[in-house]
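K.L.:
Handing you this structure, nothing more for now.
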Amino acid sequence: MLPSDAGLENARSVVRECRSLCVLTGAGVSAESGVPTFRGTGGLWRNRDPMSLATPGAFAKDPKTVWEWYRWRRELIRECAPNPGHEAIARIEGEKEDFLLVTQNVDGLHRLAGSRKLVEFHGSIWEVRCMDCARAEEVRSDFPSLPPRCPSCGGLLRPGVVWFGEPIPQAALAASLSMIGRCEVLVAAGTSSVVQPSASFALSVARRGGTVIEVNLEATPITESARFSFRGKTGEILPLLLARISHQRP
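Residue numbers (our numbering): 279 to 528.
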């Protein structure tokens, strides 16, 4: 069910009038493109718990198995395309003086949709990084053998994602916190709001008087902090909420 016309129009007016907008996206946005959620049954591989594979310890113990799992995930994601939610976010970034998309997703669909002002908070599944020389690059093709090796030094390559137990890269964290500290409006879409530190973003914005708009299938820990909270698919609601701006305040 789509939100009421009045509620949606009020939220859309807030988005339209703000100069500084931050959008935070989680797995729910990509799920509507067919990307399996990390914690859902569609994310299972060989009956293995993903949380037992996405760790530095698992990679150190058995890099081949971890890479086989990531190869499987990459194959699934390769068949997915951005949905109207991704496209609405990409479109509005050019209409704001100050904009940042902070995504918790590693699938790269926001970039495919055209987003450029973004922080990939948990990295990218398409990036690989050498454990020895730290060389990093995007590789979308399949590797001839697993685990892959660095073409420069022969060191072991790892996926360019943030694993459980690892810190968020400093540059990504700094850019995100800077925007959270100044944005007038935060739109949190498709996120369960349970993974820190991004789970605290909405509360931080609300406490300093900013407006939080939530779009999610169900209530989350940030629902009470949100001025507007819409239940439904992000691919249906975001295009309405972030509709093309016909005018901006002087």
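Glycine included, every Cβ here is placed at the ideal spot set by N, Cα and C.
If you pair each beta-carbon of the region 476–490 with each one of the region 366–378, do three or more pairs fall below 8 Å?
P.N.:
no
K.L.:
Using DSSP with H/G/I as helix, E/B as strand and the rest coil, what is Asp376?
P.N.:
Counting from 1 along the sequence shown, the entry for residue 376 is found at position 98. The DSSP-derived three-state label of Asp376 is strand.
K.L.:
Can you pull the DSSP bridge partners for Thr303?
P.N.:
On the sequence shown, position 25 is the one that residue 303 refers to. Answer is Thr381, Ala467, bridged to Thr303.
K.L.:
Pick helix, strand or coil for Glu287, following the three-state DSSP scheme.
P.N.:
Along the sequence shown, one-based indexing puts residue 287 at 9. Reduced to three states, the DSSP call for Glu287 is helix.
K.L.:
At what residues does the alpha helix (DSSP H) containing Ser456 begin and finish?
P.N.:
Walking along the sequence shown from the start, residue 456 turns up at place 178. First-last of the alpha helix (DSSP H) with Ser456: 448–458.
K.L.:
Given this structure, state the Cα-to-Cα distance separating Asp420 from Val344, to the nearest angstrom.
P.N.:
Within the sequence shown, numbered from 1, the residue matching residue 420 stands at position 142. Within the sequence shown, numbered from 1, the residue matching residue 344 stands at position 66. A direct Cα-Cα distance of roughly 15 Å separates Asp420 from Val344.
K.L.:
For the alpha helix (DSSP H) that contains Ser330, what are its first and last residues?
P.N.:
Reading the sequence shown from its first residue, position 52 is the one you call residue 330. Unbroken alpha helix (DSSP H) run through Ser330: 328–331.
K.L.:
Starting from the N-terminal side, write out each stretch of the beta strand (DSSP E) that is 3 residues or longer and does not extend beyond the region 468–519.
P.N.:
For the region 468–519, the continuous beta strand (DSSP E) assignments of 3+ residues that do not extend past its boundaries occur at 489–494, 506–509, in sequence order.
K.L.:
Do you know how far the Cα of Ser311 is from the Cα of Leu387?
P.N.:
Indexing the sequence shown from 1 puts residue 387 at position 109. Indexing the sequence shown from 1 puts residue 311 at position 33. Rounded to whole angstroms, Leu387 to Ser311 spans 9 Å at the Cα level.
K.L.:
Assuming contact is defined by CB atoms lying nearer than 9 Å, are Ile491 and Ala289 in contact in what I supplied?
P.N.:
In the sequence shown, residue 491 corresponds to position 213, counting from 1. In the sequence shown, residue 289 corresponds to position 11, counting from 1. Yes, these two residues count as a Cβ contact at 9 Å.
K.L.:
Suppose the cutoff is 6 Å on Cβ atoms and the five residues either side in sequence are ignored; what does the same chain contact list for Phe506 look like?
P.N.:
Mapped onto the sequence shown, residue 506 falls at position 228. Hits under 6 Å: Ala289, Ile491.
K.L.:
Measure the C-alpha to C-alpha separation of Val380 and Gly363 and round it to an integer number of angstroms.
P.N.:
As a working mapping, residue 380 is identified with position 102 in the sequence shown. As a working mapping, residue 363 is identified with position 85 in the sequence shown. If you take the alpha carbons of Val380 and Gly363, they lie about 14 Å apart.
K.L.:
Using the rule of at least 16 other Cβ atoms within 10 Å of the residue's Cβ for burial, across every protein chain shown, is Lys339 buried or exposed?
P.N.:
Looking up residue 339 in the sequence shown gives position 61. The residue is exposed, with fewer than 16 neighbouring Cβ atoms inside 10 Å.
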